[in-house]
Structures are given as structure tokens and as C-alpha cells.
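Residues 63 to 678, numbered by this note's numbering, are exactly what the sequence shown covers, in order. Here the structure comes first, spelled out in C-alpha cells, and everything after it is commentary.
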Amino acid sequence: MNDSAPAPTSAPCKRVRVRAPELVGRGGWLNTGGRPYTLADLRGRIVVLDFWTFCCINCLHVLDELRELEERHRDTLVVVGVHSPKFVHEAEHGAVVDAVERYGVAHPVLDDPELATWKQYAVRAWPTLVVIDPEGYVVAQHAGEGHVHAIERLVTELEAEHGAKGTLRRGDGPYVAPEPEPTALRFPGKALVLPRGTFLVSDTTRHQLVELAEDGETVLRRIGSGERGFADGGPGNASFNEPQGLALLDGTGVVVADTVNHALRRLDLGSGAVTTLAGTGRQWWQGSATSGPARETDLSSPWDVAVFDGQVWIAMAGVHQLWAYDPAARTVRVAAGTTNEGLVDGPVAEAWFAQPSGLAVSADGERLWVADSETSALRWVDRAGVVHTAVGTGLFDFGHRDGPAGQALFQHPLGVTVLPDGSVAVSDTYNHALRRYDPATGGVSTLATDLREPSDAVLVGDDVVVVESARHRLTRLRLPEEAVRVEGVAHRTQRAATEVAPGALALEVIFEAPAGQKLDTRYGPSTRLLVSATPPELLLAGEGADSDLVRALELNPAVPEGVLHVSAMAASCDDDPDNPYPACHVHQQDWGVPVRLTEGGADRLPLVLAGMDGTD
Numbered sequence: 063m064n065d066s067a068p069a070p071t072s073a074p075c076k077r078v079r080v081r082a083p084e085l086v087g088r089g090g091w092l093n094t095g096g097r098p099y100t101l102a103d104l105r106g107r108i109v110v111l112d113f114w115t116f117c118c119i120n121c122l123h124v125l126d127e128l129r130e131l132e133e134r135h136r137d138t139l140v141v142v143g144v145h146s147p148k149f150v151h152e153a154e155h156g157a158v159v160d161a162v163e164r165y166g167v168a169h170p171v172l173d174d175p176e177l178a179t180w181k182q183y184a185v186r187a188w189p190t191l192v193v194i195d196p197e198g199y200v201v202a203q204h205a206g207e208g209h210v211h212a213i214e215r216l217v218t219e220l221e222a223e224h225g226a227k228g229t230l231r232r233g234d235g236p237y238v239a240p241e242p243e244p245t246a247l248r249f250p251g252k253a254l255v256l257p258r259g260t261f262l263v264s265d266t267t268r269h270q271l272v273e274l275a276e277d278g279e280t281v282l283r284r285i286g287s288g289e290r291g292f293a294d295g296g297p298g299n300a301s302f303n304e305p306q307g308l309a310l311l312d313g314t315g316v317v318v319a320d321t322v323n324h325a326l327r328r329l330d331l332g333s334g335a336v337t338t339l340a341g342t343g344r345q346w347w348q349g350s351a352t353s354g355p356a357r358e359t360d361l362s363s364p365w366d367v368a369v370f371d372g373q374v375w376i377a378m379a380g381v382h383q384l385w386a387y388d389p390a391a392r393t394v395r396v397a398a399g400t401t402n403e404g405l406v407d408g409p410v411a412e413a414w415f416a417q418p419s420g421l422a423v424s425a426d427g428e429r430l431w432v433a434d435s436e437t438s439a440l441r442w443v444d445r446a447g448v449v450h451t452a453v454g455t456g457l458f459d460f461g462h463r464d465g466p467a468g469q470a471l472f473q474h475p476l477g478v479t480v481l482p483d484g485s486v487a488v489s490d491t492y493n494h495a496l497r498r499y500d501p502a503t504g505g506v507s508t509l510a511t512d513l514r515e516p517s518d519a520v521l522v523g524d525d526v527v528v529v530e531s532a533r534h535r536l537t538r539l540r541l542p543e544e545a546v547r548v549e550g551v552a553h554r555t556q557r558a559a560t561e562v563a564p565g566a567l568a569l570e571v572i573f574e575a576p577a578g579q580k581l582d583t584r585y586g587p588s589t590r591l592l593v594s595a596t597p598p599e600l601l602l603a604g605e606g607a608d609s610d611l612v613r614a615l616e617l618n619p620a621v622p623e624g625v626l627h628v629s630a631m632a633a634s635c636d637d638d639p640d641n642p643y644p645a646c647h648v649h650q651q652d653w654g655v656p657v658r659l660t661e662g663g664a665d666r667l668p669l670v671l672a673g674m675d676g677t678d
């Protein structure tokens with residue numbers, strides 16, 4: 063919105079106010095009982111705009127961060143989700159309706175498939191939070207996760223300020239809850255065939271596990287209270303929070319990826335009792351331990367699990383890594399990935415992933431297949447500790463295209479299943495399809511279409527049973543002898559590329575420590591900035607890591623377009639000299655900024671981590 067920026071600072075400054083643009087979106091409003099809203103309708107309330115898209119794990123983290131804030135300030139604060147799609151499927155109105163229910167979004171949502179409001183607010187990253195005061199002015203912007211403590215302090219200040227001015231309006235908000243649907247499953251995530259031939263399904267939105275009979279329909283039992291929670295116990299009083307992945311741990315137990323609890327749980331198949339194997343219930347942040355006793359180590363949105371090379375491997379979607387749990391030692395550790403988001407192959411310690419969400423082990427035990435959802439890629443890890451990519455090119459290319467693997471495209475796959483012939487079935491979620499990759503030929507084909515958001519599949523004899531998440535059911539298919547013919551289509555993200563000038567580009571990450579806090583310099587620099595590019599040749603200078611949030615880049619005029627990958631972190635602590643143990647907070651965000659080199663383009667790229675980008 064503005065074109066100059068202050069240097070990063072820890073000192074509170076006079077609050078900058080910018081008139082908030084109107085809220086517009088062709089998809090209309092959800093969770094309001096059918097009523098559209100304007101900013102004028104919300105005048106007198108504190109408004110937090112949450113720019114999100116439902117593929118984004120960081121956006122889902124923010125949804126959970128906001129729940130308590132909304133409850134504590136429900137008579138003064140209105141959160142409005144502005145759904146701003148990355149993938150083509152996310153621009154479908156019905157898919158947004160499903161996502162709002164799937165993730166328990168309990169505030170109004172504006173469906174903005176054309177990114178109109180995103181552009182008006184100059185948003186550059188998912189998620190971004192924008193705070194609007196009761197008089198209709200933008201007073202803060204935050205990109206990434208971990209900002210709710212700062213937003214709550216600002217909300218409290220705005221309540222006092224505008225209460226005194228008489229410009230604060232209290233009362234019920236505009237949220238209207240939708241009517242619940244009476245289906246046996248509700249947005250199921252993953253499935254597992256149990257030794258007795260029945261199915262165990264993670265009934266994600268209802269926070270339960272459900273055992274179905276061999277017909278895939280008849281409910282035999284439910285595990286979990288059905289309410290969000292984190293409690294061990296018997297089948298009726300244990301609780302989960304949006305569980306996903308399932309794997310047989312031994313002859314009597316199943317390990318469960320309890321995603322929003324950031325934990326691994328164990329289900330005893332005989333008694334139905336649930337215990338916790340790993341995780342503390344807290345989300346992993348930069349600086350947290352990367353290995354240690356399983357019950358004492360934080361995890362981050364584990365999405366799937368598989369037993370590989372004697373350990374339980376975890377698709378740790380929240381930090382773009384694979385972790386491993388050792389059942390004998392009861393420890394966890396990082397197994398692959400750096401936490402940087404992208405597609406980079408190589409040794410496990412150097413590889414990049416992007417929200418890995420599905421795992422499966424090859425029949426010979428030599429490969430761990432990975433559905434790497436945000437890069438729309440199928441990848442694998444070998445037992446030598448090297449990461450490879452079978453299909454996929456990066457964060458911004460996706461589609462439905464069969465053929466040689468180097469040209470084939472998926473769209474945000476969430477599941478992977480090894481087939482009897484050694485090929486791999488991919489639950490190509492946003493293409494509503496089941497795809498097949500054949501390692502012998504390097505070809506990709508389509509096995510089935512018209513599957514509504516398939517998220518997993520399991521083999522039963524000559525059939526494959528698909529979890530149709532958005533149809534709330536399991537669907538049995540006979541594996542076809544020939545693939546379905548599909549007209550190929552390719553897409554790139556709808557985000558417009560930022561036009562920048564070739565040569566010198568000043569990258570500035572804007573960070574202002576929240577009021578009442580200061581940068582945490584007790585153990586060295588409190589900020590970190592990591593910059594890279596796709597293709598690497600785009601950057602002639604400025605790549606790498608440093609503690610300064612301002613970086614001089616040099617862009618290669620011979621590379622017409624690409625993506626700048628920017629990862630920023632800042633740590634701040636409460637500024638109270640009388641408290642020897644101040645509370646500290648980590649602010650972090652990864653940006654993937656598509657850029658196009660154009661003569662006369664911008665020579666400065668501001669990215670707001672927390673604060674406002676200067677003055678008009």
C-alpha cells in the first residue's frame with residue numbers, strides 16, 4: 063500500500079493509519095446466513111482480516127491461533143476470512159464452502175476467487191492478518207504465524223481507545239453457523255485396512271476415528287468424544303483434533319497423526335484405548351528441539367505416517383519436513399528437510415519439501431514415497447538417505463497432464479498408495495482424480511476421475527478403495543486395465559508476478575516488535591533472513607542467510623522471470639525490567655514471490671512480517 067519503509071526497530075512508534083479498502087469477492091459471503099457485508103456494516107467493531115487459502119498449512123495454523131482470540135473478544139472483534147486461492151480448485155465456490163466446514167471456521171468468510179481484495183490490500187503471502195480499527199483504518203499487518211499475542215494486545219488497546227472515544231460498538235457479531243449434515247463420515251482424511259479386513263478411517267472434521275465393516279459403509283465403532291481436545295483414555299472419552307494419517311504400528315496398535323494437536327497417538331485395536339506416543343500439544347517453532355524424548359518434543363501438524371526402515375516416518379506438513387519416531391527408544395528426530403519450503407532434491411539434510419501430506423512404502427521396502435502437496439509433486443526417499451523427485455517442478459506449476467514424468471502435472475496431491483505391480487497411485491486431490499506413476503516407464507496416467515477431493519486410497523484385493531473426502535465416503539473402484547484418457551491442462555498460480563527491474567533490487571522485510579516487546583538479543587542477533595531463487599540463475603548476488611532484514615539483491619537480466627524464496631524470522635520478548643523471565647515470541651514467514659524482470663519495474667521489494675510499510 064505504501065512505498066517506503068522504516069528500518070526494522072524494536073521501539074513502539076506512533077500508529078500508522080491507512081483507510082481500509084472495501085471488501086469485495088465474486089464468490090460472496092459464507093457463514094453470515096446469506097447476508098453480504100461491507101466495511102460500513104462493521105464500523106464500530108475491531109476487524110481482523112485473515113487472508114488465507116485452504117491448501118496452506120500455515121493458514122490452518124492461524125485459524126487455530128485465532129479461535130481463543132475470537133472467544134475472548136467476541137463482543138468487540140470480528141474476524142473475516144478472505145479466501146484468496148492459490149490453486150485453480152480453490153477458486154471453486156463449492157470447494158471453499160467445503161473447506162470452511164472442514165476446518166471448523168467459525169467466522170464470516172468472503173470468497174474472493176479473483177484475488178480482488180488481496181490486491182487492494184497489497185497482500186503478498188498466505189497467511190496475512192490485517193487489523194482494522196473501529197473507524198475503518200488499517201492499523202497493523204502481519205504475515206505468517208505466531209502473531210496472535212501481538213494482535214490481542216493491539217485489540218485490547220483499541221478497545222480502550224475507542225471505548226473512551228465512543229467509537230466502539232459492542233454486541234453479537236455477524237457469524238451464523240451452518241446447519242450440520244447427517245452423514246456417517248464428515249471430510250474423512252486417511253484410511254487403513256485392519257488385519258481383520260475392516261477399515262479404520264480418520265473422520266477428521268468430527269475429531270474421531272471410525273471403524274467401518276468390510277463394505278466400507280457400516281459403522282462398527284467410533285473412537286473419540288467427537289469434540290476438539292487432547293485427552294487419552296477409553297474410546298468414549300479420549301479426544302483428537304482433526305486426526306489424519308494412520309499406520310499399523312504392531313499387531314495390536316495403530317499410530318495416528320493427530321494433526322492439530324501436533325501429536326502422534328496410539329490406538330489399541332482391542333480395547334479402543336488411546337494413548338500419546340509423541341508431541342507435547344504445542345506447535346514446533348524455529349529454535350525448538352529437533353530431536354529428543356518423544357513426549358517432550360514439539361511437533362507441527364503431522365499429516366501422515368508410515369513404517370519405513372524400522373521407524374515411524376512422519377509427514378510433518380507444518381514445517382515442510384519428514385520426521386521419524388523410534389518406537390523402541392521412544393524418541394523423535396528430523397529425518398529429512400530443512401524447514402525451507404520448495405522442491406530441492408539431494409541428501410536428506412539438504413532437501414526441501416513443501417507440506418508433505420502422504421506417505422507409502424514400496425513393496426521391497428527400499429523407497430518411501432511422498433505426496434508433496436504444495437509443489438504438486440511425487441517424491442521419494444531411498445534407504446541411502448537421498449531425496450528424489452519423480453513428478454513435479456515447484457511451488458507454482460500444477461495441472462492435470464499425463465505423459466512422461468518430466469512433463470506430467472498434478473494439483474495438490476494428498477495421498478500415495480503402492481499398487482501390486484510396483485507402480486504408485488496418487489490421490490490427486492484438487493484434480494478429483496486417481497493418477498498412476500510407473501517407475502519402470504517413467505510415465506503418468508489417469509486411473510479414475512470424478513472423485514471429489516480424494517485424499518487417500520488403500521488396496522483390497524483387486525480393488526482400490528478411495529477416500530472421497532468431500533463426498534464423505536469411501537469409494538471402491540476396480541483397478542482398470544487401461545488408463546482413462548484425459549485432455550491435458552496446465553496451470554500456474556493465479557498470483558500476478560511482481561514486476562521488478564533487472565539489476566539492483568532492495569529487499570526489505572518490515573518488522574516492528576509489538577508494543578510492550580523488544581527484540582531478543584540476549585543470545586545474539588534476533589532476526590534471520592534467508593534468500594534463494596528458482597531458477598538459481600535469477601540471483602547474481604544476495605543469496606544466502608544473514609541476520610539483517612534488509613538485503614541488496616542483484617537480478618540477472620538474462621532470466622526473464624522466476625521466484626524469489628524469502629524466509630524471515632524475528633524473536634521478541636516482553637519488555638519488562640522487573641520480570642527476570644519475560645515471555646518470548648517467534649515471528650516467522652516464508653514467501654515465494656513470483657517476479658518478472660521488466661525495464662522500469664520496481665527497484666524495491668517490501669515484505670511485511672509485522673508492522674506497516676512506512677508512510678504515504
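Virtual Cβ for every residue (Gly too), placed ideally from N, Cα, C.
Would a check of beta-carbon distances place residue i closer than 8 Å to chain C?
| i | result |
| --- | --- |
| His534 | Looking for chain C here will not work: only one protein chain is present. |
How many angstroms separate the CA atom of residue i from the CA atom of residue j?
| i | j | result |
| --- | --- | --- |
| Asp678 | Leu569 | Caution is warranted here: a pLDDT of 39 is assigned to Asp678, below 50, making its placement in the model unreliable, and the coordinate value is therefore given only provisionally. Asp678 and Leu569: Cα-Cα distance of roughly 19 Å. |
| Pro98 | Glu154 | 19 Å |
| Val109 | Pro542 | 52 Å |
| Asp137 | Arg232 | 5 Å |
| Thr218 | Leu131 | 11 Å |
| Asp426 | Phe370 | 11 Å |
| Pro482 | Thr455 | 27 Å |
| Cys635 | Arg283 | 47 Å |
| Val528 | Ala239 | 30 Å |
| Glu127 | Arg463 | 37 Å |
| Glu176 | Leu101 | 19 Å |
| Glu241 | Gly286 | 22 Å |
Three-state secondary structure (DSSP) at residue i?
| i | result |
| --- | --- |
| Ala73 | Note that Ala73 scores 36 on pLDDT, short of 50, meaning its location in the model is unreliable; the coordinates nonetheless yield the value given after this. Reduced to three states, the DSSP call for Ala73 is coil. |
| Val150 | coil |
| Leu679 | Because the chain in this structure spans residues 63 to 678, residue 679 falls outside the shown range and cannot be described. |
| Val488 | strand |
| Gly380 | helix |
| Pro68 | Confidence at Pro68 is low in this model, with a pLDDT of 34, below 50, so its placement is unreliable and the value that follows should be read with caution. In this structure, Pro68 counts as coil in the three-state DSSP scheme. |
| Ala413 | coil |
| Ser287 | coil |
| Gln579 | strand |
| Pro418 | strand |
| Trp188 | coil |
| Leu615 | strand |
| Val255 | strand |
| Ser350 | coil |
| Thr100 | coil |
With the cut-off set at 8 Å, would you say residue i and residue j are in Cβ contact?
| i | j | result |
| --- | --- | --- |
| Arg107 | Gly198 | no |
| Met378 | Leu361 | yes |
| Leu617 | Leu592 | no |
| His382 | Gly399 | yes |
| Gly604 | Ala614 | yes |
| Gly178 | Val86 | Sequence check: residue 178 is Ala here, not Gly. In contact: Ala178 and Val86 (Cβ atoms closer than 8 Å). |
| Arg715 | Asp265 | Nothing can be reported for residue 715: it is not among the residues displayed for the chain, which extend from 63 to 678. |
| Leu384 | Val448 | no |
| Pro189 | Trp114 | yes |
| Val486 | Phe472 | no |
| Val625 | Phe458 | yes |
| Val144 | Trp91 | no |
| Leu311 | Pro196 | no |
| Val392 | Pro355 | It is Arg, not Val, that sits at residue 392 in the sequence shown. It is a contact, given that the beta carbons lie within the stated cut-off. |
| His627 | Ala664 | no |
| Val158 | Asp173 | yes |
| Val167 | Leu125 | yes |
| Ala340 | Ala325 | yes |
| Thr314 | Asp330 | yes |
| Leu271 | Pro305 | yes |
Since residue i and residue j are thought to touch, with beta carbons under 8 Å apart, how far apart are those beta carbons, to the nearest angstrom?
| i | j | result |
| --- | --- | --- |
| Val141 | Trp347 | Contact flag wrong, Cβ pair sits at about 23 Å. |
| Ile572 | Leu667 | Wrong, their Cβ atoms sit about 11 Å apart, outside the cutoff. |
| Tyr387 | Val396 | Between Val396 and Tyr387 the Cβ distance is about 12 Å, and since that is not below 8 Å, they are no contact. |
Relative to the ligand SAH, is the shortest distance from any of its heavy atoms to the C-beta of residue i smaller than 7 Å?
| i | result |
| --- | --- |
| Gly624 | With respect to the ligand SAH, the structure offers nothing, as it holds no ligand at all. |
With a threshold of 8 Å, are at least 3 pairs of Cβ atoms found where one atom belongs to the stretch 407-419 and the other to the stretch 429-449? The count of Cβ pairs closer than 8 Å, one atom from the stretch 407-419 and one from the stretch 429-449, reaches three, so the stretches are in contact.
The stretch 147-165 / the stretch 198-212 touching (three or more Cβ pairs under 8 Å): Judged by Cβ distances under 8 Å, the stretch 147-165 makes no contact with the stretch 198-212, as fewer than three pairs qualify.
Would you call the stretch 278-294 in contact with the stretch 522-539, where contact means no fewer than 3 C-beta pairs closer than 8 Å? yes
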